[in-house]
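Chemist: Structure incoming, see below.
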Amino acid sequence: MTTKLLASSKSLRPLRGLRILAALSLLAASWQSARAQQTPAPAAAPAPNPAPNPANVEVHVLHVQGNVYMLVGAGGNITMQVGTDGVLLVDTGLPGTSDKVLAAIHSVTDEPIRYIIDTHVHPDHTGGNEALAKAGNTITGGNVVGDIGVSAGNQAAILAFQTVLDRMSAPTGQKAPTPQGAWPTETYTTPERKLFFNGEAVQVIHIPDAHTDGDSIVFFHRSDVISTGDIFITTHYPIVDMSRGGNIQGIIAGLNRIIELATPGPTDEGGTLIVPGHGRLCDQSDVVFYQEMVTIIRDRIQDMINKGMTLEQVKAARPTQDYDPRYGATTGIWTTDMFVEAVYKSLTKKD
Ligand SMILES: [Zn+2]
């Protein structure tokens with residue numbers, strides 16, 4: 005069993021370069037779409053970065069291990085847990101991709117979608133909420149709700165940290181930013197929420213003030229898989245959405261929590277597998293490398309702040325230089341300058 009899992013994990017490695025390329029372009033597309041949605045331009049102005057045509061999206065399924073699969077291509081990565089209780093999804097991809105996501109799910113199972121967990125509010129992770137929650141009722145043609153305490157009616161339950169609902173439902177002007185059908189039907193405000201689904205413990209853990217102020221990571225205990233949302237991505241420096249309560253210190257705390265939960269396999273390969281918010285399938289050692297990189301950069305910028313350097317001086321000193329070939333960007337949705345600025349502001353923020 006161990007050998008087989010290890011082998012399947014190792015066999016993924018040669019594809020990493022391809023996955024990174026694919027994930028980068030998808031991340032760019034999804035953030036352009038997300039931004040277009042969150043800050044609508046005046047009606048006459050064309051969208052600066054048009055969303056990808058959902059018709060051109062391809063969604064691929066990868067068996068991770070145990071009951072858990074990874075769906076790639078619909079925006080943020082989607083994690084799927086499958087069993088006789090039905091389908092549980094972590095995140096739902098971009099709006100307009102749900103037909104493709106459903107087709108990918110159906111390539112694995114005909115069980116209905118019964119549970120959706122949102123790792124955070126961004127539309128590249130929640131855009132399929134409404135369509136996929138509704139599909140949860142229609143796959144078998146009957147009411148599949150019943151015994152999981154859903155109060156929302158004939159659809160799959162959507163669980164998220166409370167601030168995800170607050171941000172989706174808070175009126176801006178006359179109407180809420182997100183249609184009601186996409187809102188979480190269950191929220192939690194405690195440090196964690198535990199479910200038992202498809203024969204395994206599913207631990208939903210809140211990471212405070214990290215990528216946003218409503219982040220959850222999801223640990224499938226028996227399958228030994230962690231789905232991280234955008235606390236951990238392999239495609240860029242960590243994205244800190246300070247306008248939605250994000251902070252670099254919370255990201256580092258979240259990475260530490262993932263490392264603590266995960267168990268490395270023999271020779272540090274395999275073991276607990278990690279589905280990042282964007283990018284390729286990882287294991288604990290990948291998260292350790294990323295955490296060290298983020299911590300080193302955070303500490304360098306803190307030292308510069310302690311010396312009284314301004315943001316412009318810190319940017320000019322290039323505190324990320326040695327990591328830029330791997331994670332840096334001068335254009336696109338999350339440039340190195342944006343990251344340095346977010347770290348600087350996280351560390352100088354006065355509560
Ligand atoms: Zn995000």
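Everything in the sequence shown is counted per this note's numbering, starting at 5 for the first residue and increasing by one.
Every residue, glycine too, gets a C-beta built ideally from N, C-alpha and C.
Computed from a prediction, not measured in an experiment: that's the story for all the values here.
(1) Taking 8 angstroms as the threshold, find out whether the stretch 196-215 comes into contact with the stretch 130-137 through three or more Cβ pairs.
(2) Hey, could you find the ends of the alpha helix (DSSP H) Gly-90 is sitting in?
(3) With 16 as the cutoff for other CB atoms within 10 Å, does Ser-231 come out buried or exposed?
(4) Beta carbon of Gly-70, beta carbon of Arg-226: below 8 angstroms?
(5) May I ask which residues mark the beginning and end of the alpha helix (DSSP H) holding Thr-130?
(6) Are three or more beta carbon pairs between the stretch 345-352 and the stretch 297-317 nearer than 8 angstroms?
(7) Any idea what DSSP makes of Thr-339, helix, strand or coil?
(8) Tell me whether Gly-254, by its Cβ, gets closer than 7 angstroms to a heavy atom of ligand 1.
(9) Beta-carbon within less than 6 angstroms of Gly-90's beta-carbon, same chain only, minus the 5 sequence neighbours each way: which residues are those?
(10) In the structure shown, what three-state DSSP assignment does Gly-138 receive?
(11) State yes or no: is the C-beta of Ile-209 within less than 8 angstroms of the C-beta of Pro-188?
(12) If I follow the unbroken beta strand (DSSP E) through Asp-290, where does it start and stop?
(13) Pick out the complete beta strand (DSSP E) segments inside the stretch 224-263, 3 residues or longer, and give them in chain order.
(14) Going by beta-carbon coordinates alone, are Asn-81 and Pro-242 separated by less than 8 angstroms?
(15) On the DSSP letters alone, give me the boundaries of the beta strand (DSSP E) that Thr-191 sits inside.
(16) Three or more C-beta pairs closer than 8 angstroms, one from the stretch 254-270 and one from the stretch 104-113: is that the case here?
(17) Under 7 angstroms from any heavy atom of ligand 1, does the C-beta of Ile-243 make it?
(18) So, are the CB atoms of Arg-261 and Gly-218 less than 8 angstroms apart?
(19) Among the residues of its own chain, which have a CB less than 6 angstroms from the CB of Glu-190, if the five just before and after it don't count?
(20) Helix, strand or coil for Gly-185, going by three-state DSSP, please let me know.
(21) Tell me the rounded alpha-carbon separation between Tyr-294 and Gly-250.
(22) Could you tell me the boundaries of the alpha helix (DSSP H) in which Leu-106 lies?
(23) Secondary structure at Leu-351, three-state DSSP: helix, strand or coil?
(24) So, is Thr-216 buried or exposed, given that buried needs 16 or more other C-beta atoms within 10 angstroms?
(25) Relative to ligand 1, what is the chain-ordered list of residues with a Cβ closer than 5 angstroms to any of its non-hydrogen atoms?
Modeler: With the given structure in hand:
(1) Taking 8 angstroms as the limit for Cβ pairs, the verdict is that the stretch 130-137 does not touch the stretch 196-215.
(2) Counting along the chain, Gly-90 falls outside any alpha helix (DSSP H), though it belongs to the beta strand (DSSP E) covering 90-94.
(3) Within 10 angstroms of the beta-carbon of Ser-231 lie 16 or more other beta-carbons, which makes it buried.
(4) In this structure, Gly-70 sits near Arg-226, with a CB-CB distance shorter than 8 angstroms.
(5) Boundaries of the alpha helix (DSSP H) harbouring Thr-130: 127-130, taken from the DSSP string.
(6) In this structure the stretch 345-352 lies against the stretch 297-317, because at least three pairs of beta carbons, one per stretch, are closer than 8 angstroms.
(7) Correct three-state label for Thr-339: coil.
(8) Not under cutoff, so the answer is no.
(9) Setting aside the 5 residues that flank it on each side, Gly-90 is surrounded in the same chain by Glu-115, Pro-116 and Arg-118, each with a C-beta closer than 6 angstroms to its C-beta; the list follows chain order.
(10) Gly is not the amino acid found at residue 138; the sequence shown has Lys there. Assignment of Lys-138 by DSSP, reduced to helix, strand and coil, places it in the helix class.
(11) No.
(12) Asp-290 -> not in any beta strand (DSSP E); alpha helix (DSSP H) instead, spanning 288-310.
(13) Scanning the stretch 224-263 for uninterrupted beta strand (DSSP E) segments of 3 residues or longer gives 229-231, listed from N- to C-terminal end.
(14) Judged by their CB atoms, Asn-81 and Pro-242 are not nearer to each other than the 8 angstroms cut-off.
(15) Note, Thr-191: beta strand (DSSP E), 190-192.
(16) Judged by Cβ distances under 8 angstroms, the stretch 254-270 makes no contact with the stretch 104-113, as fewer than three pairs qualify.
(17) Flag set: Cβ of Ile-243 near ligand 1.
(18) When the beta-carbon positions are compared, Arg-261 and Gly-218 stay at least 8 angstroms from each other.
(19) Excluding residues up to 5 positions away in sequence, Ala-161 and Leu-163 lie with their Cβ nearer than 6 angstroms to the Cβ of Glu-190 in the same chain.
(20) Gly-185 falls in the helix class under three-state DSSP.
(21) Cα to Cα, the separation comes out at about 18 angstroms.
(22) It spans 102-110 - the alpha helix (DSSP H) in which Leu-106 sits, taken as one unbroken run.
(23) Of the three classes helix, strand and coil, the one that applies to Leu-351 here is helix, per DSSP.
(24) In this structure Thr-216 is buried. Its beta-carbon is surrounded by 16 or more other beta-carbon atoms within 10 angstroms.
(25) That query returns the following residues: His-126 and Asp-234.
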